[in-house]
Amino acid sequence: MTSDELDRILSAEDRIVPSSGFAASVMDTVRREAATPPPIPFPWTRALPGLVVGIAALAGLLVAGFALLRPAIAAVNPDTFSLAQLLAATRVAAQKADGAGWIALTLLLTLASVYFSFRATGSRN
21 MTSDELDRIL
31 SAEDRIVPSS
41 GFAASVMDTV
51 RREAATPPPI
61 PFPWTRALPG
71 LVVGIAALAG
81 LLVAGFALLR
91 PAIAAVNPDT
101 FSLAQLLAAT
111 RVAAQKADGA
121 GWIALTLLLT
131 LASVYFSFRA
141 TGSRN
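Right under this line is the structure:
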């Protein structure tokens, strides 16, 4: 292919014509999309109090957990620190805590209810 042939091919301005019925089909689709109602907005005013309460509960749980661990961390000797020592001290502190059994039962019931609700709705994520 020579340079002249390439110039001739590239300089030719062929009109691009849509197939018959294409413009009408596109306009029908545009009209149908314009006629559909807008999506329902998310009810943030109803969900926000629940989110705030959930975040506050999580913060309280973290504070209570660190308060529970403070004596266990203080009992560990920093010179001979090991994870096993920390876990053992944490276990002793948890056993001394008032209501630790009730907390464990509550956590198990929560996990079970979440598991069964996901299973009932068919969600796999």
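Following our numbering, the numbering of the sequence shown begins with 21 at its first residue and continues without gaps.
Glycine included, C-beta positions come from ideal geometry on N, C-alpha and C.
Keep in mind the model is a prediction, meaning the values are calculated, not measured.
In terms of residue numbering, what span does the alpha helix (DSSP H) encompassing residue i cover?
i: Ser133; result: 120-141
i: Ile29; result: 23-31
When DSSP labels each residue in this structure, what does residue i get in the three-state scheme?
i: Ser102; result: coil
i: Phe42; result: helix
i: Thr110; result: helix
i: Arg35; result: coil
i: Pro69; result: helix
i: Pro91; result: helix
i: Phe62; result: coil
Between residue i and residue j, what straight-line distance do the alpha-carbon atoms span, to the nearest angstrom?
i: Phe138; j: Ser102; result: 39 Å
i: Gly142; j: Ala43; result: 43 Å
i: Ile93; j: Ala77; result: 24 Å
i: Pro38; j: Val46; result: 11 Å
i: Ala124; j: Glu53; result: 53 Å
Does the Cβ of residue i lie closer than 8 Å to at least one heavy atom of the ligand SAH?
i: Ala94; result: Judged by which ligands are present, the structure shown has none, so any question about the ligand SAH falls away.
Counting only the same chain and skipping the five closest in sequence on each side, list residues whose C-beta sits under 7 Å from that of residue i.
i: Ala132; result: none
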